[in-house]
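Asks: The structure's right below; bear with me while I get my questions together.
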Amino acid sequence: MNFQSTFIAVGLMAAHAVGAQETPRPYEADVAFLLKEFEAKAGPLLKKKGVDWAAVKVECTRAAKNVKTDEEHLKLVMRLIGQLRDGHAGIRDSKVKWPDESQGRKYSGPGIMLLISEGKVYVSAAYDRVAEQGLGPGAEVVKVDGMPAMEWLRKRAKEKQDEGSGYSTDHQALYAACHWGLAGWDGTTITFETKDTATGAVKEVKLTRGGGTNFVPSGRVYNPVDRKRVGRQTYGKTAEGFGYIHLRDVPDDLPQQLDQMLKDLGDVPGLILDVRANGGGACDHEAVFGRFLAKGQTWKQYTGAGDHPYTGPMVVIVDAGVRSAGETIGGMFKEDGRAYMIGDSPTAGTSSQKTEVTTPSGLFTIRYSVASNMGRFNAGRGIEGIGVPPHEIVPMKAEDLRKKEDTEVKRAVELLQKGFPKGVVEYQHTVKWE
């Protein structure tokens, strides 16, 4: 090889080396693409939610440089998705499998669920075997695994977010930590420290996780008289004779389910529509609203429908577990003046219009939110990142939980007996208040 050819060969090798340095690796390219794509399409939502996207970009760009395997890449992309603070965001299709950490074990809860009321943490529900150890409903939890309870819940919410669980609001994140956040692999333990409200005595209880999906909330504490079921919905009457319907989900045949429930309830003087822990779904919203107007009656954009419509006063109960279509179904009765809404917090705030994007590597297809549903709600701010705030905040009371009573249902009954605050509910019914 002569001098000239050697010079050319060396030059080409150097150019190739420079090019290799300038071209991002697939992992870095994916992350850079997603950071740009999310900001371009979801920027207004990120701003509304207070996400510091500049900081997210710095953190994830730096982390991408250290990724060496597809599994590490998957975990980083999941962490990035969690930073969207988007309850609907997630990987729809992945060519990389999540590492199996189960070792043949189920993912289970410890047999209790928690709630936050006026800054304190209480047991909201518990298996009998757990309640017998001093962790029954209404017990105040002051520490979890040696950490102050509220601090532990916030930490757990952040851990779940880093694993890719998107929470559109802080109250949704804390609600999730009180339920899904307590879960872990069968055989692992979690320790709770409780305080006796009367004596101040502190007790420590260690629980072993087991039993499968016993961490998923059902939503209601209350059991109506002569309880019946249609699909996942529960209904009956209160001891005072008011109708009670708990909507656990939003199936496409919800209008027909309501026809059956309203027929069975008959002519009740008031109705409680409990949507706590409603995980959403899809249905004809106007057809649902029409079941609560006189047949053929026009009210705003709705028309009365169904063979057994209900036209009396209504109270809707919500919590931070109400998601997606559960928020739009429950929320429309408040926003459009048909019912009075109560609850211990706004709904989850995860109801949105979504899009999908595939990374340049082709490894992942990701769904994420780009705009809020029901943009007219909350004075034009929509639902996503906010939720539907109730007319009246009604915290659950520990003493009611200990008696297996439902503070919010009790308040709903009181409202149906005495009437709503003046000027709050626009719809005029024919029931005479006390």
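If you read the sequence shown in numbering that gives the first Met the number 0, its first letter stands for residue 0, the second for the next number, and so on. Glycine included, C-beta positions come from ideal geometry on N, C-alpha and C.
1. Consult DSSP for TRP179 and reduce its assignment to one of helix, strand or coil.
2. For GLN296, does the count of other Cβ atoms within 10 angstroms reach 16, so buried, or fall short, so exposed?
3. Quick one: give me the first and last residue of the beta strand (DSSP E) that GLN232 is part of.
4. Taking all protein chains shown into account, do 16 or more other C-beta atoms lie within 10 angstroms of the C-beta of TRP179, making it buried, or fewer, making it exposed?
5. Is TRP374 buried or exposed, if buried means 16 or more other CB atoms sit within 10 Å of its CB?
6. Could you tell me the alpha carbon to alpha carbon distance between GLU131 and ALA378, rounded to whole angstroms?
7. In terms of alpha-carbon separation, which member of LEU134, GLU404, GLY386 lies closest to MET340?
8. Check the C-beta distance from ASP273 over to HIS245 and give it rounded, since I have them as a contact under 8 angstroms.
9. Identify, in the order they occur along the chain, each residue of the same chain with its Cβ nearer than 8 angstroms to the Cβ of LEU152, setting aside the five sequence neighbours on each side.
10. Could you give the DSSP three-state label for HIS245: helix, strand or coil?
11. I'd like to know if the segment 218–228 and the segment 198–210 are in contact, where contact means that at least 3 CB-CB pairs between them fall below 8 angstroms.
12. For the beta strand (DSSP E) containing LEU113, name the first residue and the last one.
13. Out of LYS409, HIS87, VAL129, state which residue places its alpha-carbon closest to the alpha-carbon of THR190.
14. What residues match up with LEU206 in a beta bridge as DSSP calls it?
15. Hey, ARG290 and LEU261 are a contact pair by Cβ (cut 8 angstroms); roughly how many whole angstroms apart?
16. Provide the residue(s) that pair with GLN352 in DSSP beta bridges, ordered along the chain.
17. Whose C-beta lies closer than 7 angstroms to the C-beta of LEU134 among residues of the same chain, with five residues either side of it excluded?
18. Quick check on this structure: which residue in ARG247, GLY230, PRO268, PRO216 has the alpha carbon closest to the alpha carbon of GLY240?
19. Does the separation of the CB atoms of ARG322 and ARG91 fall below 8 angstroms?
20. Which residue comes first and which comes last in the alpha helix (DSSP H) that contains ILE80?
21. Can the beta-carbon of LYS47 be found less than 8 angstroms from the beta-carbon of GLY418?
22. Per DSSP, what kind of secondary structure is ARG423 in: helix, strand or coil?
23. Pull up the distance between the alpha-carbon of ARG337 and that of VAL140, whole angstroms please.
24. Would you call ILE392 buried or exposed, if buried means 16 or more other Cβ atoms sit within 10 Å of its Cβ?
25. ASP343 and GLU407: beta carbons closer than 8 angstroms?
26. Hey, could you find the ends of the beta strand (DSSP E) MET340 is sitting in?
27. Looking at ALA370 and SER351, is the spacing between their C-beta atoms short of 8 angstroms?
28. Tell whether a beta-carbon distance below 8 angstroms holds between THR357 and LYS40.
Replies: On the basis of the data shown:
1. helix
2. exposed
3. 232–236
4. buried
5. Residue identity check: residue 374 is Gly in the sequence provided, not Trp. With fewer than 16 other Cβ atoms within 10 Å, it is exposed.
6. 48 angstroms
7. GLY386
8. 4 angstroms
9. LEU113, ILE115, VAL120, VAL143, LEU173, ALA176, CYS177, GLY180
10. strand
11. no
12. 111–116
13. VAL129
14. ILE189
15. 6 angstroms
16. ALA370
17. ILE111, VAL122, ALA125, PHE191, THR193, VAL204
18. PRO268
19. no
20. 69–81
21. no
22. For the sequence presented, residue 423 should be read as Val rather than Arg. Of the three classes helix, strand and coil, the one that applies to VAL423 here is coil, per DSSP.
23. 38 angstroms
24. exposed
25. yes
26. 339–342
27. yes
28. no
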